[in-house]
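Residue numbers (our numbering), protein chains in the order written: chain A, 535 to 973; chain B, 535 to 973. Each residue gets a CB set at the ideal place from its N, CA and C atoms; glycine is no exception. Note that the structure is a prediction, hence the values are computed from the model and not measured. Here is the structure we will look at, set down as structure tokens.
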């Protein structure tokens with residue numbers, strides 16, 4: 535059941551849905567850190583000149599202005615960032631003297647795009663990015679490292695299986711050049727639409743852009759090749775193209791695919807139709823699909839860029855991937871495919887006998903919290919039945935009754951036992967809300 | 535050492551500083567959840583009409599416009615939120631049918647204010663808010679609960695001691711009315727400036743606004759009263775004022791102070807000079823000072839508002855406090871008062887013999903990560919001395935050498951032992967970066 539958001543394109547979750555989002559974000563963060571990536575945040579705004587510096591005209595930008603702007607003191611025109619890559623490039627140049635390279639960073643933040651509301655796209659959404667940035671050089675092995683980091687992170691989320699796919703710009707470009715296609719960018723753009731519009735339409739688009747029927751068919755043949763080992767190279771060479779750039783790209787792609795699948799079998803599939811449209815990638819490119827939800831499109835994409843940024847003296851090559859967290863969440867929360875085990879963090883509700891004795895309940899709650907047990911005190915000293923209903927509606931598993939001695943009731947089973955607030959603890963699985971996939 | 539930010543008013547941290555920020559944010563989040571508060575996030579934007587609905591003309595608002603705006607489809611004017619209270623009011627009304635009341639929520643997000651750059655204020659900063667919202671009614675005991683939650687959270691942060699102070703609008707208002715001051719709002723505004731401008735100037739401001747010298751002196755006498763028990767009531771009545779509103783306010787304030795200090799001695803101080811300027815509070819008001827850094831002003835403030843929001847049929851009273859996280863961080867990172875034990879999350883760097891054997895190092899890293907140990911593989915197969923320096927510069931405590939058998943070296947002590955990547959683990963204190971206060 536899709537939810538209607540009160541402002542179109544700006545998703546907001548209920549507290550119990552936010553528990554799922556927090557679980558997803560924490561899992562991503564912990565996995566990125568397990569691989570040695572440092573978290574950073576960049577400011578939400580960049581000078582508009584910076585936002586437009588990569589020629590990203592396809593992304594709609596939100597500009598800022600001050601309601602009570604004072605003309606005399608106003609400064610550079612600012613806009614909200616539409617991704618986390620342009621800000622990373624700027625951050626790296628700003629702080630180059632204070633960072634250590636290769637710089638491994640993750641970044642989980644909201645981004646904004648002023649899309650037309652009727653397109654049903656989000657205008658505010660969370661992205662989770664990992665990138666490695668080198669100074670002047672960056673080892674090719676990072677092209678294998680990054681998708682494995684993302685694969686590890688995605689496999690730990692409460693979502694269907696994700697298949698990570700890779701190709702290489704140099705393969706496509708070398709191949710097109712070798713078979714005589716002149717409009718390389720046009721061909722990449724057309725092939726990028728293959729999943730959306732099908733082979734027939736793509737062939738027409740290629741011919742419209744100047745390719746012959748035969749060239750178009752060869753480009754489509756390349757795009758149908760997939761595999762997990764060096765046999766992809768044989769299939770590609772069998773199409774008859776030969777070029778140095780093609781060789782370089784294939785060496786990179788085969789090393790990536792073979793290395794990754796030797797380490798973790800089935801981790802990455804070569805898929806030669808991946809083109810990544812107009813993006814600024816120069817080598818490896820990645821996409822990923824959620825099994826059973828291919829209509830969502832790629833949930834995690836990225837690639838290698840030989841010069842993310844430059845400060846005139848040095849260049850900063852990088853490779854990275856980005857998860858569209860909000861799109862993923864909207865699907866798994868919308869269906870829903872997942873749910874939290876309760877609606878609030880609370881494990882124990884301490885009942886209140888009457889308002890005069892609220893202090894005794896507060897003291898019990900303090901004792902429980904001191905040992906890390908999430909605890910609330912009942913907001914009212916209503917009849918116990920009503921206090922138990924307060925817990926039940928929120929999925930709080932335990933209600934504590936002050937007395938001599940105190941007792942604690944598991945309201946799911948009805949079991950009630952005497953208990954001491956300085957020593958009792960719930961089973962570990964009841965301590966925090968958990969998130970599970972619905973079957 | 536204050537850092538220069540590349541865009542004035544928009545703070546950004548280096549990776550090792552971000553470790554401190556993450557520690558602070560995680561500590562706040564865990565403590566709020568320990569008290570049963572649910573986390574939510576609201577969108578960054580609100581309709582401008584909503585932002586202006588509380589008459590908050592003192593806050594500078596950033597308006598949004600789309601760079602490629604299409605006049606025909608453009609919608610309501612939007613602005614970035616300048617606090618988390620106005621969005622909470624809107625969220626509660628939007629979702630009233632799906633929330634359970636009292637609604638205990640925390641919210642940690644960036645907010646934006648289009649301040650003049652030369653004021654040296656932040657234009658983007660993180661706030662951490664906790665509020666309890668009732669439907670039509672909200673128990674008075676929550677006025678004691680909320681500052682204790684914040685006090686608990688603040689006491690767990692790596693910062694100097696924070697003193698939470700409270701007063702009550704009804705006390706000030708009832709007192710001013712009783713002694714015949716007519717411009718109540720003006721008097722609250724003047725008293726709010728006491729710490730900044732001193733008694734003499736405040737007295738002049740009060741007289742300018744129509745008070746007599748005697749009334750001004752009485753108002754100042756009220757403002758000097760502080761205490762942690764019911765003796766504050768005696769001191770106030772000794773000034774000779776009498777009114778029903780004053781009685782109500784004093785009952786609330788004494789109940790709060792006595793209850794809190796009975797539960798946690800020294801937790802809250804009554805401080806009658808707290809006025810909270812022009813804010814929309816209707817009862818209890820809070821401020822907090824960082825001991826030794828009183829020049830920072832209040833680091834955590836809030837209060838009770840009898841009608842945060844209304845949807846025509848129901849009203850939503852609330853009480854809450856907000857920490858200005860970025861201001862606090864800028865101080866403790868700027869001095870610096872705190873530091874992380876290392877610059878990256880990594881606990882172990884796995885050395886690489888040569889590029890042909892990188893796969894063996896990758897496998898070792900996988901084994902370590904599988905058991906939760908943050909691990910990186912050396913980006914280059916340089917001489918071991920250089921690989922060790924890579925670890926040393928980042929503060930990574932262990933370097934792992936593949937071999938038969940493998941060995942692991944604590945590069946702080948030089949101790950090196952044979953080790954198996956499927957069973958070795960570092961001491962618990964080395965697993966993650968820790969954050970410590972500098973003495």
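query, result
"Buried/exposed call for residue 880/A, threshold 16 Cβ in 10 Å", "buried"
"Contacts that residue 602/B makes with chain A (C-beta to C-beta distance below 8 Å)", "594, 595 and 648"
"For residue 831/B, the residue or residues it bridges with in DSSP", "In DSSP, residue 831/B forms no bridge with anything."
"Per DSSP, the bridge partner or partners of residue 718/A", "Beta-bridge pairing links residue 718/A to no other residue."
"Straight-line gap, residue 979/B to residue 792/B (C-alpha atoms, nearest Å)", "Nothing about residue 979/B can be reported from this structure: the residues present for chain B run from 535 to 973 only."
"Close Cβ partners of residue 637/B (< 6 Å) along its chain, the five nearest in sequence each way excluded", "667"
"Reduced DSSP secondary structure (H/G/I, E/B, other) of residue 927/A", "helix"
"Buried/exposed call for residue 969/A, threshold 16 Cβ in 10 Å", "buried"
"Test: residue 568/B CB closer than 9 Å to a CB of chain A", "yes"
"Boundaries (first-last residue) of the beta strand (DSSP E) holding residue 946/A", "Element bounds for residue 946/A: n/a, residue is neither H nor E."
"Positions along the segment 665-696 of chain A whose CB lies within less than 7 Å of some CB in chain B", "673 and 675"
"Option nearest residue 587/A by Cα separation, candidates 748/A, 875/A, 620/A and 572/A", "620/A"
"Extent of the continuous beta strand (DSSP E) run through residue 849/A", "849-858"
"Distance CB(residue 936/A)-CB(residue 886/A) smaller than 9 Å", "yes"
"Residues near residue 610/A by beta carbon distance below 6 Å, same chain, minus five either side", "581"
"Beta-carbon proximity check, residue 660/B vs residue 859/B, cutoff 9 Å", "yes"
"Reference residue 628/A; option with closest CA among 866/B, 539/B and 718/B", "539/B"
"Cβ pair count under 8 Å reaching 3, the segment 810-830 of chain A against the segment 708-718 of chain A", "no"
"Contact belief for residue 690/A with residue 823/A at Cβ below 8 Å, rounded distance in angstroms", "Actually they are not in contact, since the Cβ atoms of residue 690/A and residue 823/A sit about 18 Å apart, beyond 8 Å."
"DSSP-derived helix/strand/coil call for residue 761/A", "strand"
"Chain A contact for residue 901/B (CB, 9 Å cutoff)", "no"
"Same chain, Cβ closer than 7 Å to residue 645/A, neighbours up to 5 away in sequence not counted", "615, 616, 617, 618, 659 and 661"
"9 Å Cβ cutoff, residue 556/B in contact with chain A", "yes"
"Whole-Å CB distance - residue 857/B paired with residue 806/B, under 8 Å assumed", "Not quite, the Cβ-Cβ distance comes to about 23 Å (not below 8 Å), so this is no contact."
"Any chain B beta carbon closer than 9 Å to residue 762/A", "no"
"Start and end residues, alpha helix (DSSP H) containing residue 704/B", "703-713"
"C-beta neighbour in chain A for residue 909/B, strict 9 Å", "yes"
"Residue environment, residue 903/B, which counts as buried when at least 16 other CB atoms sit within 10 Å", "buried"
"Beta-carbon gap between residue 692/A and residue 553/A smaller than 9 Å", "no"
"Alpha-carbon to alpha-carbon, residue 635/A and residue 784/A", "27 Å"
"Length at least 3, wholly inside the segment 889-925 of chain B: the beta strand (DSSP E) runs in chain order", "909-911"
"9 Å Cβ cut-off: residues of chain A touching residue 574/B", "546, 547, 548, 549 and 552"
"Under 8 Å from the C-beta of residue 644/B: neighbouring residues of chain A", "578"
"Cα-Cα separation, residue 957/A to residue 932/A", "15 Å"
"Within-9 Å CB hit, residue 961/B to chain A", "no"
"Cross-chain neighbours of residue 629/B in chain A, by beta carbon under 7 Å", "548"
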